[in-house]
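Residues 49 to 601 (the numbering used here) make up the sequence shown, in order. Comments concern the structure below.
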Amino acid sequence: MNLYVFSFMFLIFFSLLVFYLSLYFILFDLCYLFEYQFMFINSLVIYYVFILDWKSILFVSVVLFISSMVIIYSSFYMGYSSYSSIRFMYLVLLFIFSMLLMIFSPNLISILLGWDGLGLVSYCLVIYYSSVSSNLSGMITCLTNRLGDIGMLISIGWLMSYGGWNFFLNFHFNNSLIFLLVISCFTKSAQAPFSCWLPAAMAAPTPVSALVHSSTLVTAGVYLMIRFFSNLVLFNYLFMLMGIFTMIFSSFCANFEFDLKSIIAFSTLSQLGLMVMSIFSGMLDYSFYHMLTHAMFKSLLFLCSGIFIFYYLDNQDIRYMGGCYKFLPLTSSCFNISNLALCGIPFLSGFYSSDMIMEGLINSGFNLILIIILYLSLGLTCCYSFRLLYYSMFKSLNFIPLNFNSLEFNFMGFSIMVLGFFSIIFGCLLNWLINLDMLWFYFPLKLKMFTLIMIILGIWFGCEINNFNYLLNNSYYFFNSNMWFMFGYSMFMIRLFVNFFFNYYKVLFWGDFFLSKGSYNMLILFSNLIQFYLNNNIKIFMISYLLVLLFLI
């Protein structure tokens with residue numbers, strides 16, 4: 049049997065099994081902890097801990113389901129007969145395993161195993177295509193994630209003073225330790241000012257982007273912040289402002305981008321900013337709910353863009369696309385479904401969670417400026433989504449290869465059909481089945497309809513922005529297409545840390561030279577001198593005798 053098909057069947061079976069298990073855990077309100085004593089150091093016991101509750105099991109079921117669809121999609125997209133595609137599949141499976149280790153771990157030591165596994169395997173997947181641009185993108189991804197892992201490692205060392213690394217025991221953690229953990233989650237979830245690695249990571253194959261950069265790697269930091277939230281008591285307003293900034297700048301940048309995968313990457317950044325903002329506003333279940341629904345329709349969006357790129361001979365510029373619905377009807381339908389779910393159109397899966405988050409933020413007592421920025425970013429989300437639809441569907445056909453084959457009903461078509469179905473029903477399905485700790489808000493009709501009005505205005509502006517002429521200012525395009533020059537000050541921070549540790553290493557080197565190595569060299573010098581005297585005692589005696597005679601004379 050084909051190895052891709054076998055992996056697909058294995059993952060889809062366990063996904064359904066784990067989903068039913070999560071419903072059982074919700075029904076009886078169960079939570080299990082399993083500990084394995086890994087190592088014993090003096091008074092410290094290192095445990096490998098697994099936690100089974102409804103959140104971890106439900107998240108695992110969604111990850112396994114999307115992974116199964118990505119693998120069956122990759123069997124056609126990457127080819128299943130070459131050695132390179134088998135290597136690709138093993139890397140994807142290793143990535144899924146690392147993600148499962150991270151999800152099931154309430155212990156920082158055991159989290160680090162999955163956390164570093166995610167970073168290393170994602171680096172291998174980003175540089176899968178051997179080119180200079182892929183290697184540079186992989187370097188940016190790896191360095192930025194390593195910068196965040198410093199916070200995780202320092203916090204692990206800090207927690208030794210608490211006598212253990214299990215954060216579910218509700219220690220009263222030091223605020224600086226929590227700050228380090230949040231910074232490490234921010235780098236993994238690509239929040240400002242660490243956002244530049246996510247668009248660069250689009251150099252990976254498209255199935256990798258569908259799995260890694262929509263539902264697993266970038267949501268790992270959000271999931272960890274949800275787990276840690278009971279200890280997040282300081283800097284919440286600051287982190288919430290950083291989430292809002294990520295939302296607004298990524299929405300602006302997506303409206304001035306012409307690369308298909310980069311637009312979807314910026315939309316992922318925007319939705320991650322929304323999740324982070326809802327976490328630090330205290331709406332944990334809203335954020336978790338949105339994380340699950342977003343993973344479903346965003347992976348569909350990536351897979352549909354992969355089919356467009358596949359049939360357009362690796363061309364990712366949306367200006368070459370147009371009239372796709374005429375020769376790729378199934379892909380265009382699923383692409384439109386995912387785009388509308390991203391906008392929050394009633395009653396698709398993205399509507400339920402995003403609408404609840406918007407209403408909850410209105411009811412949270414924030415000032416008017418934050419509410420305006422929030423609704424502006426919502427309108428810009430609809431704007432770039434319909435701009436993408438305009439270029440790919442409504443414009444006239446600009447480019448078609450001579451060997452074009454529009455056969456969609458293969459493994460790729462099967463995966464996007466299944467994900468398209470769940471992108472429609474998954475939001476209401478979770479709303480029916482899961483008893484989330486959510487509040488229902490009652491607003492006046494004007495305030496209730498304000499979200500829908502902003503969606504409609506964003507749709508109109510997305511259709512009209514393509515006809516504007518005064519936005520052709522090159523400086524404005526340059527500023528937005530370079531992510532508000534975030535790469536510059538993000539790399540400045542990395543260089544600052546690298547220079548600091550390099551100088552610190554040089555200080556340690558001189559101390560090592562004068563202390564341990566200096567003592568060793570002095571002992572070697574004395575031993576060589578004594579050895580010389582022992583081996584040449586007659587010569588030394590005669591030379592000493594002559595020197596004494598010279599001094600006497």
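In this text, a Cβ means the ideal position worked out from N, Cα and C, and glycines have one as well.
Using a Cβ-Cβ cut-off of 6 Å (strictly less than) and excluding sequence neighbours within five positions of residue i, which residues of its own chain qualify?
| i | result |
| --- | --- |
| GLY370 | LYS443, SER444, LEU445, ASN446 |
| VAL260 | SER170 |
| LEU160 | none |
| TRP206 | LEU225 |
| ILE60 | SER116 |
| CYS172 | LEU139 |
Report all residues from its chain with a CB closer than 7 Å to the CB of residue i; omit the five preceding and five following residues, and keep chain order.
| i | result |
| --- | --- |
| CYS233 | GLY269, LEU272, MET273 |
| PHE474 | THR341, MET344, SER397 |
| ILE296 | ILE421, LEU424, SER425 |
| LEU597 | none |
| THR613 | Summary: the structure shown does not reach residue 613, with the chain confined to residues 49 through 601, and so no result is reported for it. |
| LEU388 | LEU396 |
When we look at the beta-carbon of residue i and count the other beta-carbons within 10 Å, is it buried (16 or more) or exposed?
| i | result |
| --- | --- |
| MET49 | For MET49, the predicted structure reports a pLDDT of 49, less than 50, and the residue's modelled location is therefore unreliable. A value from the coordinates is still provided. MET49 should be labelled exposed. |
| LEU607 | Since the first and last residues shown for the chain are 49 and 601, residue 607 lies out of range. |
| TRP488 | exposed |
| ASP403 | buried |
| ASN415 | exposed |
| VAL180 | exposed |
| ASN214 | buried |
| SER2 | No answer is possible for residue 2: the residues shown for the chain start at 49 and end at 601. |
| SER592 | exposed |
| PRO492 | exposed |
| LEU577 | exposed |
| HIS220 | exposed |
Quick one: what's residue i bridged to in DSSP?
| i | result |
| --- | --- |
| ASP365 | ASP307 |
| LEU100 | TYR80 |
| TYR95 | GLN85 |
| ASN214 | ASN155 |
Taking Cβ positions only, does residue i come closer than 7 Å to chain B?
| i | result |
| --- | --- |
| LEU340 | You won't find chain B in this structure, because it holds only one protein chain. |
Could you give the distance in angstroms between the alpha-carbon of residue i and the alpha-carbon of residue j?
| i | j | result |
| --- | --- | --- |
| ILE327 | LEU437 | 31 Å |
| SER209 | VAL230 | 20 Å |
| ASN284 | ILE366 | 39 Å |
| ILE89 | ILE204 | 15 Å |
| PHE304 | ARG435 | 10 Å |
| VAL111 | THR264 | 7 Å |
| LYS309 | SER353 | 7 Å |
| ILE134 | SER123 | 10 Å |
| SER329 | LEU51 | 45 Å |
| ALA302 | PRO247 | 11 Å |
| TYR608 | GLY408 | Absent from the model: residue 608. The displayed extent of the chain is 49 to 601, so no value can be given. |
| TYR72 | LEU166 | 29 Å |
| SER315 | SER347 | 12 Å |
| ILE198 | GLN579 | 49 Å |
| PRO241 | MET570 | 50 Å |
| ILE114 | PHE145 | 14 Å |
| TYR84 | ASP362 | 48 Å |
| PHE470 | VAL93 | 44 Å |
| LEU322 | SER243 | 14 Å |
| LYS496 | ILE419 | 14 Å |
| LEU64 | ILE405 | 28 Å |
| SER401 | LEU478 | 10 Å |
| LEU467 | ILE385 | 10 Å |
| PHE76 | LEU100 | 13 Å |
| PHE300 | VAL97 | 42 Å |
| LEU500 | LYS494 | 10 Å |
| SER381 | PHE459 | 17 Å |
| PHE86 | TYR373 | 56 Å |
| GLY212 | PHE82 | 16 Å |
Cutting at 8 Å between CB atoms, please list the residues of its own chain near residue i, excluding the five before and the five after it.
| i | result |
| --- | --- |
| PHE498 | TYR423 |
| PHE62 | LEU112 |
| ILE292 | GLY321, MET325, LEU418, ILE421, LEU422, SER425 |
| ASP307 | MET250, GLN364, ASP365, ILE366 |
Inter-stretch contact at 8 Å, needing at least 3 Cβ pairs: the region 179 to 189 / the region 248 to 257
Touching, yes, given that three or more Cβ pairs across the two stretches are closer than 8 Å.
Within the chosen definition, does the region 372 to 392 reach the region 321 to 333 through at least 3 CB pairs nearer than 8 Å?
Cβ pair count under 8 Å is below three, so no.
Using a Cβ distance threshold of 8 Å, determine whether the region 93 to 108 contacts the region 54 to 61, with at least three qualifying pairs required.
No: the two stretches stay apart, fewer than three of their Cβ pairs being nearer than 8 Å.
Contact between the region 430 to 437 and the region 496 to 508 (3+ Cβ pairs under 8 Å):
Yes: the two stretches touch, three or more of their Cβ pairs being nearer than 8 Å.
Would you be able to state if there are at least three C-beta pairs under 8 Å between the region 118 to 128 and the region 64 to 79?
The answer is no - the region 118 to 128 does not touch the region 64 to 79, with fewer than three Cβ pairs under 8 Å.
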